[in-house]
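Under this note's numbering, the first residue of the sequence shown carries the number 295, and numbering increases by one thereafter. We treat Cβ as the ideally placed atom computed from N, Cα and C, and that holds for glycine.
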Amino acid sequence: MNRRIIATIAASLFAVVSLGYLMFGHTWVGQMRHMRMARQHLAAVIRAIGADPAFRDIKVGVGTGGDGSILVVGRVSAQSDLDKLEAVIAGTQPPVKVTFSVTVGDRG
295 MNRRIIATIA ASLFAVVSLG YLMFGHTWVG QMRHMRMARQ HLAAVIRAIG
345 ADPAFRDIKV GVGTGGDGSI LVVGRVSAQS DLDKLEAVIA GTQPPVKVTF
395 SVTVGDRG
């Protein structure tokens with residue numbers, strides 16, 4: 295094979311692999327893509343938990359952890375409420391990782 299053809303094929307393969315890593319690897323581009331997916335899914339999560347008064351002290355948002363994730367913070371009164379919260383959010387089929395920072399127990 296001609297050296298020019300080999301060089302062209304090698305450069306093309308390198309470009310494809312580099313672009314794939316940039317888009318799907320642990321890079322700022324991948325993080326931005328995951329954060330956009332998380333932002334688009336927030337409304338579904340808010341609707342799912344909004345109807346239950348047990349989740350009145352829960353807030354959801356987008357976090358940078360896990361290369362872009364849905365962040366759930368707040369307080370619930372019992373472990374069963376936390377289990378239910380996790381199940382309800384999982385039922386929305388989030389497209390990214392969900393990170394929970396939820397305290398169980400009464401205030402004080």
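What do you reckon, are the CB atoms on residue i and residue j nearer than 9 Å?
| i | j | result |
| --- | --- | --- |
| Val390 | Ser371 | no |
| Ala332 | Val366 | no |
| Asp351 | Val382 | no |
| Lys353 | Gly368 | yes |
Given residue i, which residues of its chain have a CB within under 6 Å of its CB, disregarding the five upstream and five downstream residues?
| i | result |
| --- | --- |
| Pro388 | His335 and Ile364 |
| Ser395 | Val367 |
List the whole-angstrom C-beta distance separating residue i from residue j, where the pair is believed to meet the contact cut-off of C-beta under 8 Å.
| i | j | result |
| --- | --- | --- |
| Thr386 | Ala338 | 5 Å |
| Gln325 | Thr302 | About 32 Å separates the two Cβ atoms, so there is no contact after all. |
Considering only residues of the same chain and omitting the five flanking positions on each side of residue i, which have a CB-CB separation below 7 Å?
| i | result |
| --- | --- |
| Val398 | Val370, Ala372, Gln373 and Leu376 |
| Asp361 | His320, Gly324, Gln325 and His328 |
Got a sec? Which residues, its chain only, sit under 8 Å from residue i by beta carbon, not counting five neighbours each side?
| i | result |
| --- | --- |
| Ile343 | Phe349, Ile352, Val354, Leu379, Val382 and Ile383 |
| Ile340 | Val354 |
Next on the checklist: Runs of 4 residues minimum, wholly inside the segment 351 to 393: which ones carry the alpha helix (DSSP H) assignment?
Outcome noted: Along the length of the segment 351 to 393, whole alpha helix (DSSP H) runs at least 4 residues long occupy 373 to 385, reported in chain order.
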